[in-house]
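S.K.: Under this note's numbering, the final residue of the sequence shown carries the number 517; numbering is consecutive throughout.
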Amino acid sequence: MPESTNTAITAIARNTAGASIELDHVTKTYANQAASAVEDFSMTVNPGELVMFVGPSGCGKTTTMKMVNRIIEPTSGSISIDGRDVLSLNPNELRRHIGYVIQQIGLFPHMTIAENISVVPRLLGWSKAKTSERVDELLRTVQLDPGTFATRYPRQLSGGQQQRVGVARALAADPPVMLMDEPFGATDPITREKLQAEFLRLQESIGKTIIFVTHDFDEAIRLGDRIAVLSDRSQIEQFDTPANILAAPANDYVASFIGHGAAIKRLALIPITEAILGGSSEAVGPITVSTNESLRDALDALVLTGVPALGVVDAAGSTVGSISVARISAVLGTDAIGIAVEKRLEAVSEA
Ligand SMILES: Nc1ncnc2c1ncn2[C@@H]1O[C@H](COP(=O)(O)OP(=O)(O)O)[C@@H](O)[C@H]1O
Ligand SMILES: [Mg+2]
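#1: Taking the CB atoms as reference points, tell me whether residue 435 and residue 424 lie closer together than 8 angstroms.
#2: Taking all protein chains shown into account, decide if residue 369 is buried (16 or more other Cβ within 10 angstroms of its Cβ) or exposed.
#3: Rank 416, 361, 343 and 444 by C-alpha distance to the C-alpha of residue 232 and give the top, closest one.
#4: Would residue 457 pass as a contact of residue 491 if the rule is Cβ separation under 8 angstroms?
#5: Which residue or residues does DSSP assign as beta-bridge partners of residue 476?
#6: How far does the beta strand (DSSP E) with residue 394 in it reach, from first residue to last?
#7: Classify residue 235: buried if its beta carbon has 16 or more other beta carbons within 10 angstroms, exposed otherwise.
#8: So, with DSSP's three-state summary, where would you put residue 230?
#9: Applying the criterion that 16 or more other CB atoms from any shown protein chain within 10 Å of the CB defines a buried residue, is residue 366 buried or exposed?
#10: With DSSP collapsed to three states, give me the class of residue 236.
#11: Using the beta-carbon of each residue, find all residues closer than 5 angstroms to any heavy atom of ligand 1 and list them in chain order.
#12: Counting beta carbon pairs with one atom in the segment 320-332 and one in the segment 237-247, are three or more of them shorter than 8 angstroms?
#13: Ligand 2 heavy atoms versus the CB of residue 347: any closer than 7 angstroms?
#14: Mind checking whether residue 455 and residue 467 have CB atoms under 8 angstroms apart?
#15: Give the straight-line distance between the Cα atoms of residue 296 and residue 215, rounded to the nearest whole angstrom.
#16: Considering residue 223, what are the terminal residues of the beta strand (DSSP E) in which it resides?
#17: Smallest Cα separation from residue 208: which of 242, 376, 222 and 309?
#18: Taking 8 angstroms as the threshold (C-beta atoms), are residue 440 and residue 461 in contact?
#19: At a threshold of 7 angstroms, does residue 269 count as lining ligand 2 (C-beta to nearest heavy atom)?
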């Protein structure tokens, strides 16, 4: 595995309340199993970093994650949080340090939403007043009105709302570390996209250290500061930023995981302002794109309108230049193809 040489990630100026996580040569072999579920896994997660584990079902993602909060004990190796061995932390301390969103949401059906969120505060012996204040605050944080939802039961909520409660519950004791096991897995694509966007905004403000498991590579690209692409026995095939993985997959396994559309996926990560814009006079038609959009948005608008170049406007609405397929491709370093496509587009728009 090529060790990540990308230093940009440590330079992210995010307000972090997170802790570092270090897994050192961790192996887990379940009883009566010949092969290890996790073999010799080593990784350092920086404070405030959001690391995605992505890999196929059964490759060991959940097992790796559950060893961090000691739901599963490693067979060998060590795990530390901010330099403290998790095996030396008592269970209460561990609960305060690590919020956990489990794979199937796992809300307690016979408890109200407020009671579900207060599970850890109650275990930690918080007062009623402090707990109920925290519940209201958390519900508002995940965009649920406390007056409406606190006294409801999980079955009276939609799947997306239940997911939000799961996140609120994990955040209850304000832990520096969050473990999230396919937290949005059970929701429909539209709800999922909404939850992802909300979650990104939330992380922007709370700056936790997060390990987030998914089998959805697009979700990994969208959310992750870094992505660990895992294969059988939790082997790390590549561990790097989304942009670097898309630009240079380490091997065929990673490439197959990216699937088709790598260029389009990369464009979604790059702001329009990264392109060298053309002159404003090159823009055709009334449709414009904004400087705060991505190159993917620009390409989408170009394909939709069929014009050779679109105007680019800044936040104040002034035109600052134009964007074309060739200029988008140039950012990816594939302008020869871009120019060919552009010629074709020109031919189409002239016809
Ligand atoms: N409690 C268990 N006992 C025995 N084998 C298990 C247990 N939990 C998981 N496994 C096995 O360990 C491997 C990894 O499982 P898991 O960590 O759940 O993978 P993932 O989360 O990537 O789907 C699988 O082969 C699974 O069958
Ligand atoms: Mg799993």
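All C-beta atoms, glycine included, are put in the ideal place defined by N, C-alpha and C.
These numbers were taken from a predicted model, which means no experiment stands behind them.
M.R.: Answer, in terms of the structure:
#1: no
#2: buried
#3: 343
#4: no
#5: 489
#6: 392-397
#7: buried
#8: helix
#9: exposed
#10: coil
#11: 196, 203, 223, 224, 225, 226, 227, 228 and 229
#12: no
#13: yes
#14: yes
#15: 29 angstroms
#16: Taken as a continuous stretch (DSSP letters only), residue 223 belongs to no beta strand (DSSP E), as it is neither H nor E.
#17: 242
#18: yes
#19: yes
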